[in-house]
Structure formats: C-alpha cells, structure tokens
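J.:
2 protein chains.
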Amino acid sequence: MPTINVTDDVTLEGDAPLQGQLYQQLSERILDGRYTPASRLPSSRQLAADLGVSRNTVNAVYDQLKAEGFVQGQGGRGIFVHPDLHRRMPPWSAGTRPGTASTHRETRPLARPRPAALPSVPAMPPAFQKRALKVSQDASLPFQPGLPDLEAFPIRAWNRLLHHQESRRSLQGYGDVQGYRPLRQAVAGYLRASRGVRCTEDQVIITQGAQQALSLIADVFLGPGDRVFCENPGYRGARYALGRHGHELVPAPLKHQALDVDALPALGPARLLSCTPTHQYPMGGVLDLSQRLALVDWARRHDAWIIEDDYDSEFHFHHKPFAAVQGLVDQAPVLYVGSFSKTLLPALRVGYLVVPEPVVAPVLWAKQVSGGETPLLIQSTIAEFIDSGQFQRHLRRMRQLYRDKWQAFQDRVHRHLNGAFTPVAESAGMHLVLEATADLDDVALHQWLRHHRLGSTPLSAHFLGTEHRPGLVMGFASANEHHMDEATRAMARWVSEPR
Amino acid sequence: MPTINVTDDVTLEGDAPLQGQLYQQLSERILDGRYTPASRLPSSRQLAADLGVSRNTVNAVYDQLKAEGFVQGQGGRGIFVHPDLHRRMPPWSAGTRPGTASTHRETRPLARPRPAALPSVPAMPPAFQKRALKVSQDASLPFQPGLPDLEAFPIRAWNRLLHHQESRRSLQGYGDVQGYRPLRQAVAGYLRASRGVRCTEDQVIITQGAQQALSLIADVFLGPGDRVFCENPGYRGARYALGRHGHELVPAPLKHQALDVDALPALGPARLLSCTPTHQYPMGGVLDLSQRLALVDWARRHDAWIIEDDYDSEFHFHHKPFAAVQGLVDQAPVLYVGSFSKTLLPALRVGYLVVPEPVVAPVLWAKQVSGGETPLLIQSTIAEFIDSGQFQRHLRRMRQLYRDKWQAFQDRVHRHLNGAFTPVAESAGMHLVLEATADLDDVALHQWLRHHRLGSTPLSAHFLGTEHRPGLVMGFASANEHHMDEATRAMARWVSEPR
Chain F
1 MPTINVTDDV TLEGDAPLQG QLYQQLSERI LDGRYTPASR LPSSRQLAAD
51 LGVSRNTVNA VYDQLKAEGF VQGQGGRGIF VHPDLHRRMP PWSAGTRPGT
101 ASTHRETRPL ARPRPAALPS VPAMPPAFQK RALKVSQDAS LPFQPGLPDL
151 EAFPIRAWNR LLHHQESRRS LQGYGDVQGY RPLRQAVAGY LRASRGVRCT
201 EDQVIITQGA QQALSLIADV FLGPGDRVFC ENPGYRGARY ALGRHGHELV
251 PAPLKHQALD VDALPALGPA RLLSCTPTHQ YPMGGVLDLS QRLALVDWAR
301 RHDAWIIEDD YDSEFHFHHK PFAAVQGLVD QAPVLYVGSF SKTLLPALRV
351 GYLVVPEPVV APVLWAKQVS GGETPLLIQS TIAEFIDSGQ FQRHLRRMRQ
401 LYRDKWQAFQ DRVHRHLNGA FTPVAESAGM HLVLEATADL DDVALHQWLR
451 HHRLGSTPLS AHFLGTEHRP GLVMGFASAN EHHMDEATRA MARWVSEPR
Chain E
500 MPTINVTDDV TLEGDAPLQG QLYQQLSERI LDGRYTPASR LPSSRQLAAD
550 LGVSRNTVNA VYDQLKAEGF VQGQGGRGIF VHPDLHRRMP PWSAGTRPGT
600 ASTHRETRPL ARPRPAALPS VPAMPPAFQK RALKVSQDAS LPFQPGLPDL
650 EAFPIRAWNR LLHHQESRRS LQGYGDVQGY RPLRQAVAGY LRASRGVRCT
700 EDQVIITQGA QQALSLIADV FLGPGDRVFC ENPGYRGARY ALGRHGHELV
750 PAPLKHQALD VDALPALGPA RLLSCTPTHQ YPMGGVLDLS QRLALVDWAR
800 RHDAWIIEDD YDSEFHFHHK PFAAVQGLVD QAPVLYVGSF SKTLLPALRV
850 GYLVVPEPVV APVLWAKQVS GGETPLLIQS TIAEFIDSGQ FQRHLRRMRQ
900 LYRDKWQAFQ DRVHRHLNGA FTPVAESAGM HLVLEATADL DDVALHQWLR
950 HHRLGSTPLS AHFLGTEHRP GLVMGFASAN EHHMDEATRA MARWVSEPR
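For the record, the sequence lines run as chains F and E. Taking my numbering, the leading residue of the first sequence gets 1, the next gets one more, and so forth. Taking my numbering, the leading residue of the second sequence gets 500, the next gets one more, and so forth.
#1: For chain F, find out if any of its Cβ atoms is closer than 7 Å to the Cβ of Met-973(E); answer yes or no.
#2: Just the Cα atoms here: how many angstroms apart are Gln-756(E) and Ser-887(E)?
#3: Measuring CB to CB, does Leu-459(F) end up less than 7 Å from Gly-471(F)?
#4: Which residue or residues does DSSP assign as beta-bridge partners of Met-474(F)?
#5: With DSSP as the reference, please indicate the residues paired to Lys-754(E) in a beta bridge.
#6: To be precise: take each residue of the stretch 678-710 of chain E, compare its Cβ to all Cβ atoms of chain F, and keep it if any distance is under 7 Å. Which residues remain?
#7: Using a beta-carbon distance below 7 Å, is Tyr-739(E) in contact with chain F?
#8: Tell me whether His-619(E) sits in a helix, a strand or coil according to DSSP, three-state version.
#9: Are the C-beta atoms of Leu-517(E) and some chain F residue less than 7 Å apart?
#10: Sort out for me which residues DSSP pairs Tyr-240(F) with in a bridge.
#11: Would the beta-carbon of Arg-697(E) fall within 7 Å of that of Gly-837(E)?
#12: Does any residue of chain F bring its CB to less than 7 Å from the CB of Pro-891(E)?
#13: What residues of chain F sit near Leu-646(E), judged by a beta carbon separation below 8 Å?
#14: Tell me the rounded alpha-carbon separation between Trp-494(F) and Ala-383(F).
#15: Does any residue of chain F bring its CB to less than 7 Å from the CB of Asp-787(E)?
#16: Have a look at Pro-2(F) and Thr-921(E) and give me their C-alpha separation to the nearest angstrom.
#17: Which of the three DSSP states, helix, strand or coil, is assigned to Phe-720(E)?
#18: Thinking C-alpha only, which one of Val-795(E), Asp-787(E), Leu-788(E), Ser-789(E) is nearest Ser-773(E)?
#19: Of the choices Pro-732(E), Leu-766(E), Ala-712(E), Arg-914(E), whose alpha-carbon is the least far from that of Leu-741(E)?
#20: Rounding to the nearest angstrom, what Cα-Cα distance links Asn-159(F) and Arg-168(F) in this structure?
#21: Starting from Asp-226(F), trace the beta strand (DSSP E) both ways and give me its first and last residue.
#22: Anyone know if the C-beta pair for Asn-59(F) and Ser-43(F) falls short of 7 Å?
#23: Whose C-beta lies closer than 6 Å to the C-beta of Ser-27(F) among residues of the same chain, with five residues either side of it excluded?
#24: How close, in whole Å, do the beta carbons of Leu-753(E) and Asp-759(E) come, if the pair is a contact with beta carbons under 8 Å?
#25: Would you mind reading off the limits of the beta strand (DSSP E) that contains Gly-572(E)?
#26: Skipping 5 residues on each side, what residues in its chain have a beta carbon closer than 7 Å to that of Gln-368(F)?
#27: Return the first residue and the last residue of the beta strand (DSSP E) that Glu-308(F) is part of.
#28: Using the beta-carbon of each residue, which ones in chain E are nearer than 8 Å to Ala-258(F)?
#29: Under 7 Å between the Cβ atoms of Gly-964(E) and Pro-750(E)?
#30: Got a sec: is the Cβ-Cβ distance from His-319(F) to anything in chain E below 7 Å?
#31: Run through chain F and tell me which residues come within less than 9 Å of Leu-649(E), C-beta to C-beta.
#32: Which residue comes first and which comes last in the alpha helix (DSSP H) that contains Pro-362(F)?
#33: Is the beta carbon of Glu-314(F) sitting closer than 7 Å to the one on Thr-276(F)?
#34: Around the Cβ of Gly-209(F), are there at least 16 other Cβ atoms within 10 angstroms (buried) or fewer (exposed)?
#35: Could you tell me whether the Cβ of Gly-954(E) comes closer than 7 Å to any Cβ of chain F?
#36: Looking at the structure shown, is Val-61(F) part of a helix, part of a strand, or coil, going by DSSP?
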C-alpha cells in the first residue's frame with residue numbers, strides 16, 4: 001500500500017502552534033474518511049523534513065494520535081490509520097472540527113450524507129410556550145415586580161464585609177448542603193424576633209432564593225395523584241415550581257383580596273397549599289387570626305402542608321407585619337419560605353426554607369441531588385450583615401423609602417389614570433395592583449410599557465384557568481418619580497387611543 | 500361580663516421594648532384560651548395607668564391586635580377578645596410563642612391536649628438511607644475525592660478581580676437564567692480551544708456545578724418508562740441526579756477501566772447514557788477513537804442522548820487530554836457537562852452544560868422553575884479570570900502540582916501498602932483508585948480513615964447492584980506529603996490488624 005501524501009495536503013500557517021495545527025488536520029482527514037483505515041502515514045522523519053518542522057513536533061502529534069486511537073504503529077512497518085475504524089466509521093461522521101480550515105471540503109473524495117438528526121428533543125411544557133409568547137420579562141426594568149431599589153443598597157458597607165470574608169480558606173471548599181451554619185443561626189434569630197417563627201438553625205435550609213425552596217418542596221412532597229392548591233390569582237413562580245412534575249394545580253379563590261380559607265374544604269384533598277397569608281400576592285390582602293387558625297385546622301384535618309411564602313412581610317407600612325402562621329402554634333403544618341432577593345439584592349440568589357425537624361433530611365437529600373448550593377462567600381457575607389445589625393437598619397430605611405414611593409406612585413395613578421385603573425389599596429410593600437375598570441388587553445398594555453423600557457406584569461397572567469380580571473402589577477420599589485410620571489402617562493395614552 | 504384582670508397577669512421587665520412584651524403576652528393568652536373569646540379587655544387608659552406605661556404603648560398594642568384579629572372594638576363599649584375565635588380556636592392550639600416566659604403555664608385554666616401530629620412526612624429515598632448509614636462524607640478532609648488543593652489557589656489575584664466587579668450595578672439585579680453572557684463566551688472559547696467542543700455561547704448554560712447540570716438533564720429528558728444507563732462502577736452524583744425521579748438505572752459495564760461500548764446494544768433501550776469517556780470515574784480508563792465513534796453510533800441508532808461528564812480532563816499527565824466526544828462530529832447527540840469546582844474552587848458552585856441549540860430552551864425552563872441561578876458577582880469574576888489568561892496559567896501550574904502529588908502518593912502506596920492494594924494506573928488526575936488485593940470491608944476502612952481525619956470513598960460505593968470490588972478512591976490533590984504518609988500507614992495498620 002502506498003504511503004499517504006500528507007505533505008501536499010497539510011497547510012501549516014499563522015500564529016497557532018504547529019503541533020496543534022498538524023494534529024487538527026491529520027485527525028480531521030482520518031475522521032472524514034479522506035485517509036482511509038489501514039493506509040500508511042509517512043515516517044516522522046520524512047514528514048518533519050517535508051514540512052520543515054522538528055521531528056519532535058511530528059512525534060508528539062503521532063503519539064497523541066496513537067493514544068487516542070486514530071493511528072496505530074505496526075512494529076517496524078510504520079504508522080497506519082487504525083484499521084478498526086473501518087467497521088466503526090459511521091456514515092454520519094462527516095464534519096469539521098472547530099477551528100479547522102474548510103478549504104479541503106471541495107476535494108473530499110467520498111460523497112457523504114449530511115449529519116444525522118439529533119435524538120428526539122424534549123418538548124417544552126405548555127405553560128412555557130404560552131408564557132414565552134405573551135409575557136416577556138426583563139427583570140432589570142423599573143416597575144418590574146420584585147425588583148428592589150438597587151441604588152439604595154449600601155454597597156460600600158456590603159463590600160467591606162465581603163472583604164472580611166473573601167480570603168478565608170474555610171469558605172473555599174465544599175460547604176454544608178443545609179447552608180453555612182452562622183447564616184442559618186442569623187436567619188433563625190431574625191425570623192424568631194421579627195416574624196414570630198418558631199425555629200432553631202437546624203430547621204433552616206438556605207436555598208437559591210424562594211424559587212429553589214418551592215422546587216425542593218415539589219420534589220420532596222409530591223407523589224402520584226397528589227393535588228396542589230394555589231391561590232388564584234397568585235404567584236406564578238410557585239405554580240411553575242409546584243406544577244413542574246405534572247401534578248394537578250387547583251385554584252383556591254380569594255375573599256377580600258386574601259385566601260378564602262372557608263372555601264378550601266369544598267376543593268377536595270390536597271397535599272400542598274401554596275399561599276401568602278401576610279400579604280397575598282399580588283392582591284395584597286392579609287389573613288386575620290381567625291382565618292389563620294382555620295387554615296391550620298384545615299391543613300391538620302386534611303393531612304395537607306401549608307407553604308407560607310412570606311415574600312415581602314418586611315415592607316408593611318401601617319402596622320407591624322402580622323406574625324407568621326408558622327409560629328401560631330407548636331408543630332404547625334407549615335413550610336415557611338423567604339428570600340433575601342427583595343430585602344438585599346436579587347443577584348445574591350439566597351433564600352431560606354424553615355421546616356419541622358422530620359422534614360429536614362428529605363429536603364436536604366433533594367437539595368444535594370439537584371445541586372443547588374449557594375457560594376459560601378455570599379452566605380458568610382449575609383451572615384455578617386445580619387449579625388452586625390446592618391440588615392435591620394437597611395430594612396428600616398427601605399421601609400421608609402418604599403412607603404414614600406408607594407405614596408408617590410398612588411398620587412400619579414390618581415392624577416393621570418383616574419377612572420381607568422383602580423389601585424388595590426391592600427397591595428403595598430413593593431408593588432401596586434392597578435385593576436382596570438373596563439375590560440382591556442393587559443398583555444398588550446404590558447408590551448406597550450415594555451416597549452417604553454418599563455416593567456410590569458399583566459394581572460391576567462396571575463390567574464389559573466380561564467377566569468381573570470385585567471390590570472397590571474407594577475413594582476414601584478425600583479422606580480423613581482420620573483419613571484412614575486412616564487409610566488402613568490404612557491398608560492393614559494394607551495387607554496385613550498382607539499384600538 | 501367582667502373585664503379581664505390583665506394587670507395582675509402581665510409582667511413587663513428587662514430590656515425588651517415594652518410594646519413588644521405586652522403584645523406578646525396578650526396574644527399568647529388569647530391564643531391559649533386563657534382570655535376567652537368575647538370577654539372584655541380593660542380600656543387603654545386604665546391598662547396604661549395600672550401598668551405604669553404610656554397610653555400610646557397600649558394603644559399601639561391594641562391596634563396591632565385589632566388589625567390581626569385577636570381583639571375587636573365594639574363601638575363605645577370597649578375592646579373584646581374577638582368572638583369569632585370561639586368557633587376557630589381548635590383543640591390543638593396550645594403552645595407558647597417564641598420568647599415568651601412559660602411561668603403562666605401552670606395556671607392555665609383549660610386543660611388542652613398536646614399539639615397535634617404533623618401531616619404525613621415524606622419518606623427518604625432508599626439510596627439516601629443506605630448511604631447515610633454507611634458513608635459519611637466530610638468534604639473538607641484531605642484525600643476527599645474531588646477536592647482541589649486550596650492552598651495552591653491564587654486567592655490574591657482572584658480577589659483583585661472580585662474587587663473589579665463588586666460594585667457594578669448591573670451585577671446586583673436579576674440575571675440571565677442561562678448565565679452571564681461574558682462567562683458563557685469565555686467558557687465556549689475555552690471549551691473550543693482546549694476540549695475540541697463545538698459550540699457557541701448560545702449553547703452554554705451556566706449551572707451550579709456539574710450536579711445541577713445532571714439534575715436538569717433528568718428533569719428535561721426523562722419521561723415515563725425511560726431508562727438510564729450508568730457506568731458501573733461510576734460516579735454516584737450522576738446516579739442520584741438521574742435516578743431522582745425513580746427511573747430505572749441500568750448498570751453499563753466497563754472494559755479496560757472504561758465504558759464497554761460494545762456491551763451497550765444488549766442492554767436494551769435507553770433515553771440517557773451517563774459516562775466519563777475521557778477519564779472514567781473512578782477507574783480512569785479512556786475511550787479511544789474507535790470506541791468514541793461506536794458510542795455516537797449507538798446513541799444515534801437507539802435515539803439516546805450521551806451525557807459526557809468531562810470532570811477532570813484538565814489534569815491528564817501523559818498526553819494532552821483526548822478531545823471531547825461532543826466535538827467528534829457535527830450534531831453529536833451529546834450533552835456536555837463540566838465544572839469549575841476542581842479547576843477553581845468548589846465553593847464557587849459553578850459548572851456548565853453545553854447542549855445542541857434545540858435543547859437549550861427546555862433546559863432553561865427547567866432551570867428557571869427550579870431556581871438554580873448563580874450569583875452574578877461570582878460569574879463575572881470567573882469570566883475575567885478566564886479572559887485575562889489567569890485560568891490557563893492556573894491550570895498549567897495545577898497540572899504540574901498534581902502530577903508531582905500523584906507520583907508522591909504512588910510512591911507511598913508502594914512503600915507502605917505493597918501487596919494489600921494495587922493502584923489502578925489509569926486513575927490519575929486528582930484521585931487514585933487503590934484496589935484491595937484481598938476481600939475487605941472497604942466501608943469500615945473508610946470509616947477508620949475518617950476517624951483519623953482523612954477522606955476517601957469506598958470503591959464498593961461506586962457500584963450499582965450487588966457485584967462490587969473492594970478498595971478506596973483517594974483524592975490526592977488536597978493532600979500533602981505528611982497526609983500521604985499518615986494515610987498509607989493508617990491503612991497498613993488497619994490491614995495488618997486481626998479483625
């Protein structure tokens with residue numbers, strides 16, 4: 001068998017290492033079938049001389065190709081394209097490695113079929129398709145619900161704490177899957193004092209924001225045939241997380257803008273109920289004591305767990321926030337969820353889940369298996385921020401700031417939009433629900449605002465099923481007065497235009 | 500109805516704010532049934548005078564209790580415990596709020612049953628129970644597989660980059676669920692150049708280490724009846740992630756310490772095959788070109804996807820690492836997984852997943868719903884570390900360091916353990932597999948080392964099913980020469996002792 005004429009076929013040029021170029025081109029020609037299995041390559045001495053490179057270079061390439069199985073040495077007879085590739089080389093193997101010049105494509109001796117299709121690709125869930133088409137979010141826009149005022153964050157003080165932690169060896173390896181203990185202690189202390197939660201740090205699990213907490217709950221609690229009750233309207237993130245394994249989501253109605261606890265028994269069995277008792281999302285109602293007791297009673301009677309999402313209880317303006325349902329009684333059937341995304345920064349991606357002791361181990365297993373641990377540096381910095389008292393001071397400042405913004409935004413709404421939208425008074429904290437007084441396409445309005453680089457969520461998107469009311473959910477925490485003028489005027493224009 | 504004698508029943512003391520103490524004690528007495536529904540509380544004027552506190556304090560507490568539904572004003576007739584609580588107060592409500600003195604427990608007028616049991620608690624999966632009993636890991640110990648040498652990490656240079664990024668406003672809000680674009684660009688560039696991966700940044704998804712990548716793959720790809728092939732022995736993290744929804748895990752045998760591709764067709768249908776083609780975990784074998792082509796061919800014929808876990812390809816000592824299977828052909832049926840836990844720091848919790856374009860959207864949906872996003876500050880610092888060339892320099896240094904450690908550890912093994920254990924030569928990179936030459940209880944040996952504050956994993960724990968070989972997987976990257984002496988001597992003692 002004649003030796004392959006490598007020399008005329010290889011082009012070494014430019015700044016890339018010669019060894020890499022030679023390896024690349026030889027391996028490509030073997031892979032695309034140009035150099036057929038069992039054919040002979042020139043000796044390293046010969047090829048080095050022909051190409052004008054060192055013999056070491058050619059030897060290194062030949063060694064690599066041998067090791068990988070492209071070529072084979074046959075005693076003293078020389079180097080051959082591996083004969084096994086005959087039976088292995090499949091019809092679909094045509095293709096070019098990245099970074100390889102394609103000048104040789106035209107001269108390829110064998111006509112090969114196009115690359116094969118991929119194996120079957122998973123389908124998207126219908127919820128996503130619907131959502132992706134209609135409601136496109138840009139979470140950095142002013143008025144985006146859930147976005148805090150980033151300009152008010154004490155970034156210098158925060159960075160000082162970061163610098164305390166950044167070089168600690170113990171924060172560089174693998175951490176506790178439950179979360180960094182000093183942070184769990186700080187969270188437990190904060191929740192006991194400020195939210196009336198009954199817990200020790202052993203019941204606290206640090207999560208990647210509230211979303212991971214909800215997702216872990218779905219992993220751990222839901223089995224075949226289990227049903228999940230969700231407030232309607234309610235928080236979409238919870239519905240996505242709790243419905244992601246295909247379980248039935250049952251809409252639970254509201255009364256006075258809060259969960260209608262008396263309606264629950266008629267809805268049948270439930271494994272989980274997701275709710276926001278201290279500030280219904282998005283409508284803003286609060287469950288009073290009598291309803292809270294009835295809720296716990298319902299859960300106990302129905303062997304159901306309550307997911308208490310306490311998402312912005314830090315920012316109530318009129319009273320101190322109501323104590324958490326979790327702390328109402330001993331052994332409450334409650335999985336308590338919170339997050340630092342709104343009280344500190346969304347980019348930290350840190351939240352927490354507080355569960356009764358027997359639930360800790362299953363949740364940790366689900367967390368470990370799904371890999372959602374928070375970087376230790378972030379956890380330790382938050383712990384120091386809380387322990388030093390700066391967290392409580394920051395919350396106080398934000399409460400004042402958001403109250404002012406809430407007032408300012410309501411003023412604008414009354415001034416520019418009076419008649420077309422009614423602000424739902426209970427919705428405060430960081431967002432305001434503007435219910436449309438006449439029927440309108442709130443998705444189109446949301447897109448119109450988006451076009452003006454202003455965030456919002458259509459109220460209709462918060463409903464499960466077909467019934468809905470139109471309006472907008474607008475997060476005022478991230479908006480300044482200029483944005484408020486802009487948004488309310490843009491809405492007024494949109495409403496007044498014939499359509 | 501007589502007015503409740505609150506004054507004799509309330510104790511205000513210590514440094515805590517009086518308002519909080521009064522609220523706490525009144526709410527507790529209402530909840531525990533001591534102050535019965537519809538009974539009357541003293542006027543705020545009266546109570547303030549009796550307790551010697553300001554009337555504003557009492558009014559604030561009464562307002563809060565009214566808002567929450569503990570009490571009710573009845574026109575001019577006074578303040579009453581809310582009458583609705585009669586029908587709501589369940590038999591299980593006995594209990595004390597956190598921080599409340601329990602001195603009143605003895606005088607509680609109504610004997611109440613103990614708190615009710617929790618709703619049913621989810622069971623732990625059998626895999627965890629077995630594992631938790633036998634193999635307890637402390638991921639910070641020397642010899643723990645997967646732990647890099649933290650002392651060799653250039654923490655000062657790293658922190659300088661962190662300081663470049665730490666105050667950027669754009670890194671404080673919500674990020675792109677796919678990952679920070681400059682990091683995706685840096686990862687794509689690195690993988691193209693160093694691993695032969697064919698991708699753009701639009702195919703790269705930043706994950707929380709390799710574990711989240713594997714978990715997302717399970718979420719997205721596995722439906723009813725789907726089967727998953729796993730190398731046996733193999734990486735336990737992959738088995739846990741891919742088996743977490745209860746799918747059948749089929750052990751795929753090895754040949755020459757690498758996946759036996761020829762054995763796959765006989766195993767029946769598969770949706771996913773999880774493998775480590777460039778460095779089998781833990782045994783260390785490498786698939787040659789012929790086997791790689793056969794693997795791709797098998798996947799195409801069986802409508803299966805290959806998960807290519809390229810976990811430590813950066814640390815091959817003899818040759819350059821073989822190029823990834825992903826880049827072998829166009830449109831390879833490969834989901835490529837990698838991580839910075841070993842090349843940078845475990846605490847960063849950052850990995851990546853590279854998938855064909857049509858797979859990107861379903862994975863992003865699963866990622867968004869399960870909440871696993873990486874803090875932007877960490878992502879941007881890694882991007883700068885790569886772009887500045889420091890990543891490649893760090894890898895070169897680590898490759899040299901780990902080669903020296905590998906040699907040093909092998910020397911110790913031969914010196915102190917010769918005969919009892921055989922180092923599996925192919926297992927290099929960051930760990931060495933020591934196969935026991937005689938049958939032994941490798942879990943007990945693992946625990947013995949653990950007792951000496953030395954890490955390891957029993958080789959038997961890497962097997963699916965009942966067949967297994969005894970030995971230890973030892974990660975030498977995190978060990979110094981002193982640890983190496985200590986570990987090999989401790990193992991020699993353990994083996995020599997009668998048992």
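For glycine and all other residues, C-beta sits at the position ideal for the given N, C-alpha and C. Quick caveat, the model's predicted, so the values are computed rather than measured.
T.: On the basis of the coordinates in this document:
#1: Here residue 973(E) refers to the residue found at position 474 when the second sequence is read from its first residue. No, Met-973(E) lies away from the interface with chain F (no Cβ there is under 7 Å from its Cβ).
#2: Counting from 1 along the second sequence, the entry for residue 756(E) is found at position 257. Counting from 1 along the second sequence, the entry for residue 887(E) is found at position 388. Straight-line Cα distance between these residues: approximately 37 Å.
#3: Working through the first sequence from its first residue, we reach residue 459(F) at position 459. Working through the first sequence from its first residue, we reach residue 471(F) at position 471. For Leu-459(F) and Gly-471(F), yes; Cβs fall inside 7 Å.
#4: Looking up residue 474(F) in the first sequence gives position 474. According to DSSP, Met-474(F) bridges with Leu-432(F).
#5: Within the second sequence, residue 754(E) is the residue found at index 255, counting from 1. DSSP, once it has assigned bridges, lists Ala-757(E) as partnering Lys-754(E).
#6: Arg-691, Gly-695, Arg-697, Gln-707, Gly-708, Gln-710
#7: Residue mapping note: residue 739(E) aligns to position 240 of the second sequence, counting from 1. So yes, Tyr-739(E) belongs to the interface.
#8: For the purposes of this step, residue 619(E) is identified with residue 120 of the second sequence, where counting begins at 1. For the sequence presented, residue 619(E) should be read as Ser rather than His. It is coil, neither helix nor strand.
#9: Position 18 of the second sequence, counted from the first residue, corresponds to residue 517(E). Not closer than 7 Å to any Cβ of chain F, the Cβ of Leu-517(E) fails to qualify, so no.
#10: Residue numbering aside, residue 240(F) sits at position 240 when the first sequence is read from its first letter. Bridge partners of Tyr-240(F): none, in fact.
#11: Stepping through the second sequence from its first residue, residue 697(E) is reached at position 198. Stepping through the second sequence from its first residue, residue 837(E) is reached at position 338. No, Cβ-Cβ distance for Arg-697(E) and Gly-837(E) is not below 7 Å.
#12: Taking the second sequence and counting its residues from 1, one reaches residue 891(E) at position 392. Pro is not the amino acid found at residue 891(E); the sequence shown has Gln there. No, because no Cβ of chain F sits closer than 7 Å to the Cβ of Gln-891(E).
#13: As a position in the second sequence, residue 646(E) is number 147, starting the count at 1. Here the neighbours are Gly-173, Tyr-174.
#14: As a first step, residue 494(F) is located in the first sequence; it is residue number 494 there, counting from the start. As a first step, residue 383(F) is located in the first sequence; it is residue number 383 there, counting from the start. Approximately 46 Å, taken between the alpha carbons.
#15: In the second sequence, the residue the question calls residue 787(E) occupies position 288. Closer than 7 Å to some Cβ of chain F, the Cβ of Asp-787(E) qualifies, so yes.
#16: Residue mapping note: residue 2(F) aligns to position 2 of the first sequence, counting from 1. Residue mapping note: residue 921(E) aligns to position 422 of the second sequence, counting from 1. Using only the alpha carbons, I get a separation of about 45 Å.
#17: As a working note, residue 720(E) is residue 221 in the second sequence. Correct three-state label for Phe-720(E): helix.
#18: Position 274 of the second sequence, counted from the start, is the residue given in the question as residue 773(E). Nearest of Val-795(E), Asp-787(E), Leu-788(E), Ser-789(E) to Ser-773(E), Cα basis: Val-795(E).
#19: Stepping through the second sequence from its first residue, residue 741(E) is reached at position 242. Taking only the C-alpha atoms, the option nearest Leu-741(E) is Ala-712(E).
#20: Here residue 159(F) refers to the residue found at position 159 when the first sequence is read from its first residue. Here residue 168(F) refers to the residue found at position 168 when the first sequence is read from its first residue. Cα to Cα, Asn-159(F) sits roughly 15 Å from Arg-168(F).
#21: The sequence position of residue 226(F) within the first sequence is 226, counting from 1. First-last for Asp-226(F): undefined, no H or E at that position.
#22: By 1-based counting over the first sequence, the position of residue 59(F) is 59. By 1-based counting over the first sequence, the position of residue 43(F) is 43. For Asn-59(F) and Ser-43(F), no; Cβs fall outside 7 Å.
#23: Walking along the first sequence from the start, residue 27(F) turns up at place 27. Within the same chain, Ser-27(F) has close Cβ partners Phe-70.
#24: Reading the second sequence from its first residue, position 254 is the one you call residue 753(E). Reading the second sequence from its first residue, position 260 is the one you call residue 759(E). With 8 Å as the limit, Leu-753(E) and Asp-759(E) qualify as a contact, their Cβ atoms being about 6 Å apart.
#25: Within the second sequence, residue 572(E) is the residue found at index 73, counting from 1. Counting along the chain, the beta strand (DSSP E) containing Gly-572(E) begins and ends at 570-572.
#26: Against the first sequence, residue 368(F) aligns to sequence position 368. Once the five neighbours on either side are set aside, the close Cβ partners of Gln-368(F) are Val-177.
#27: The residue labelled residue 308(F) in the question sits at position 308 within the first sequence. Looking at the DSSP string, the run of the beta strand (DSSP E) that includes Glu-308(F) is 305-309.
#28: Along the first sequence, one-based indexing puts residue 258(F) at 258. In chain order: nothing, as chain E lies at least about 11 Å away.
#29: Taking the first residue of the second sequence as position 1, residue 964(E) is located at position 465. Taking the first residue of the second sequence as position 1, residue 750(E) is located at position 251. Yes, they are a contact pair.
#30: As a first step, residue 319(F) must be located in the first sequence, where it is residue number 319. Yes, His-319(F) counts as interfacial toward chain E.
#31: Within the second sequence, residue 649(E) is the residue found at index 150, counting from 1. Arg-169, Gln-172, Gly-173, listed in chain order.
#32: Position 362 of the first sequence, counting from 1, holds the residue named residue 362(F). 357-370 is the span of the alpha helix (DSSP H), which, as asked, contains Pro-362(F).
#33: Here residue 314(F) is taken as the residue at index 314 of the first sequence, counted from 1. Here residue 276(F) is taken as the residue at index 276 of the first sequence, counted from 1. Cβ distance not < 7 Å, so Glu-314(F) and Thr-276(F) don't count as in contact.
#34: Residue numbering aside, residue 209(F) sits at position 209 when the first sequence is read from its first letter. Counting Cβ neighbours within 10 Å, Gly-209(F) comes out buried, since at least 16 surround it.
#35: Reading the second sequence from its first residue, position 455 is the one you call residue 954(E). False, the Cβ-Cβ gap to chain F never drops below 7 Å.
#36: Against the first sequence, residue 61(F) aligns to sequence position 61. Here Val-61(F) sits in helix by DSSP.
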